[in-house]
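Asks: Numbering (our numbering), first residue to last: 978 to 1330. One structure is given below, represented as structure tokens, and several questions about it will come after.
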Amino acid sequence: MIRKTWPAVIMACVLAAGACSAAAPTAPGVRPGVALAALSTDGAVLLDMESESFLGIARNGGRVWHDRTAFQQGSHVICLTRCPEAVFSGGEALDGRAIASWSPIPSGQAAFMNSRHPVLKVLSARSASDAVIAEGPVSGKGRVRVLRTDGSSHDFDVGDAASAVWGEDPGRATALLVMGGDGDALWFARDRHGWRPLPGRLPANQAWGACTASRGELAVLVGPEPVLILERTRRLPIRTDLEFVGECAAGRSGLVVLGRWKDTQGRPHTAVRGVDRAGVQTWARDFATEVQVRAAPSGERFILVHGGRAELVDNSGRTTATYEGAMSAGFTATGELVLVRDGHQVEWLTPPP
């Protein structure tokens, strides 16, 4: 019975990162249920609900690998230095193991790392010696370990390893660790050996999610008390008309927060609210469906995907371009727009000015 719930769990996780649900309405001729799970300038990892697989796609369009087992186990996926080189962890049957997939089909897996704990989730990694992992028991206190290539490490106690959140800016130079529960939020920066903690802590107010932009110039904590953080120290409450803020998407100069719910007939709804650097709502869009939302690194553009269409909107909420037949979309660290179309076709585009 537990295994039957995993596809829904996976899709919920991808939605939080900005991908579209298989249950969302789609345009005629467009197959539902293909979403961007991770992307870079070199490739992408797709979540295909129809074939119940993760797919590794190179920038030239070639399929590098596919993995049905990781999907069925409800695994968490991240890319290494570049996509589609990926690591799966946290799955139902992995039991303290992480698996890397990058080789051509069919021999595409290798052990990445092991833990003596039953829960192991790789939050970030360039390699097994340059990684951030959350590990611990199935329930109860765990830890986040920051592993560095010089052999050193930093350990942080967390109330629950599975609830720890790690958010990196698009350039992967600055990161924010949200320790979950009553824990704090900590900043990290990169050096030649990996991630290192920066001085100071911030109260996280039981946040369950985070967005980080532009080397920490702007960040968002979402939870019972959503907060905007400027320059890694200044905290401002986010003020919108939403009763519940569950997700965010942010860039250097702008951000959006999202609320999701279902009506009495079980139909999904998505509310998107633009927020300025003072934490004040500036625009609103409401949809009677599930919507993927991702931010460009600049924060001047956002991509909204729903009903087989992708809308490029500016930071006033105005639609500046539309792309038909899109099932998922996102931005690379350099600002390229990545679109997923039918047949697992992935396109890297320069957005219009």
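Heads up, the beta-carbon is just placed ideally off N, CA and C, and yes, glycines get one too.
With a cut-off of 8 Å on the beta carbons, I'd call G1157 and V1135 a contact; round off their distance for me.
Replies: Yes, G1157 and V1135 are in contact; Cβ-Cβ is about 6 Å, under 8 Å.
Asks: Compute the Euclidean distance between the alpha carbons of R1178 and L1163, then round it to the nearest angstrom.
Replies: 5 Å
Asks: What three-state label does DSSP hand F1221 in the structure shown?
Replies: coil
Asks: Report back the beta-carbon spacing between W1185 and G1200 to the nearest angstrom; my notes put them in contact at under 8 Å.
Replies: 5 Å
Asks: How is R1244 classed by DSSP in three states: helix, strand or coil?
Replies: coil
Asks: Based on DSSP bridge pairs, tell me the residues matched to C1056.
Replies: Per DSSP, A1063.
Asks: Can you give me the C-alpha to C-alpha distance between K981 and D1127, rounded to a whole angstrom?
Replies: In this prediction, K981 has a pLDDT of 30, which is less than 50 and means its spatial position is unreliable; what the coordinates show is noted afterwards. Rounded to the nearest angstrom, the two C-alpha atoms are 42 Å apart.
Asks: In the segment 1121–1178, which residue ranges form an unbroken beta strand (DSSP E) of at least 3 residues, counting only runs that do not cross its ends?
Replies: Runs of the beta strand (DSSP E) inside the segment 1121–1178: 1130–1135, 1142–1145, 1151–1155 and 1161–1168.
Asks: Grab me the residues of C1225's own chain with a C-beta within less than 8 Å of its C-beta, minus the 5 sequence neighbours each way, in chain order.
Replies: G1186, A1187, C1188, V1197, V1199, P1203, L1232, V1233, V1234 and L1235, listed in sequence order.
Asks: Would you check if the segment 1310–1321 and the segment 1256–1264 touch, i.e. whether three or more CB-CB distances between them fall below 8 Å?
Replies: no
Asks: Roughly how many whole angstroms lie between the Cα atoms of V1290 and P1176?
Replies: 37 Å
Asks: Per DSSP, V1270 forms a beta bridge with which residues?
Replies: Its beta-bridge partners are L1281.
Asks: Is it the case that the segment 1299–1306 contacts the segment 1140–1152, given that we only count it when at least three CB pairs across the two stretches are under 8 Å?
Replies: no
Asks: Whole angstroms is fine: what's the gap from A1108's alpha carbon to L1153's?
Replies: 14 Å
Asks: Leaving out the 5 sequence neighbours to the left and right, which residues in its chain are closer than 7 Å to R1045 when beta-carbon positions are compared?
Replies: E1029 and S1030
Asks: Nearest-angstrom Cα distance between V1317 and G1033?
Replies: 13 Å
Asks: Return the chain-ordered list of same chain residues with a C-beta closer than 6 Å to the C-beta of A1272, the five sequence neighbours on each side being excluded.
Replies: A1226, A1227, G1228 and F1279
Asks: When you compare only the Cα positions, how much space is there between T1266 and L1219?
Replies: 17 Å
Asks: Taking DSSP as the reference, what is the three-state secondary structure of T1189?
Replies: Reduced to three states, the DSSP call for T1189 is strand.
Asks: From M1090 to A1248, what does the alpha carbon distance come to, in whole angstroms?
Replies: Rounded to whole angstroms, the separation of the alpha carbons of A1248 and M1090 is 39 Å.
Asks: Please list, in chain order, all residues of the same chain as G1160 whose beta carbon is under 7 Å from its beta carbon, the five residues on each side excluded.
Replies: V1135, G1136 and A1181
Asks: Which residue's Cα is closest to the Cα of G1251: F1065, A1021 and R1295?
Replies: R1295
Asks: Name the two residues that bound the continuous beta strand (DSSP E) containing R1211.
Replies: R1211 to P1214
Asks: Here's the rule I'm using: 16 or more other beta-carbon atoms within 10 Å means buried, otherwise exposed. How should A1255 be labelled?
Replies: exposed
Asks: In angstroms, rounded to a whole number, what distance separates the CA positions of T1241 and N1037?
Replies: 45 Å
Asks: With DSSP as the reference, identify every bridge partner of R1262, one or two as the case may be.
Replies: Within the DSSP secondary-structure output, R1262 pairs in a beta bridge with V1249.
Asks: Quick check on the DSSP output: the alpha helix (DSSP H) that includes T1046 runs from which residue to which?
Replies: R1045 to Q1049
Asks: Could you spell out the range, first to last residue, of the beta strand (DSSP E) harbouring K1098?
Replies: Residue range V1096 to S1104 is occupied by the beta strand (DSSP E) that includes K1098.
Asks: Could you tell me whether the Cβ atoms of K1098 and A1063 are closer together than 8 Å?
Replies: No, the Cβ-Cβ distance between K1098 and A1063 is not below 8 Å.
Asks: Out of curiosity, what's the CA-to-CA distance linking H1283 and Q1269?
Replies: 7 Å
Asks: When burial is assigned at 16 or more other CB atoms within 10 Å of the CB, is P1083 buried or exposed?
Replies: With a pLDDT of 48 at P1083, under the threshold of 50, the modelled position of this residue cannot be trusted; read the value that follows with caution. Exposed is the call here.
Asks: For D1132, which option in G1148, A1111 and A1150 has the closest C-alpha, if you only look at C-alpha atoms?
Replies: Considering only alpha carbons, the answer is A1111.
Asks: Enumerate in chain order the residues of its own chain whose CB-to-CB distance from V1323 is below 6 Å, with the five nearest sequence positions on each side excluded.
Replies: So the list reads A1021, I1034 and V1317, once near-sequence residues are dropped.
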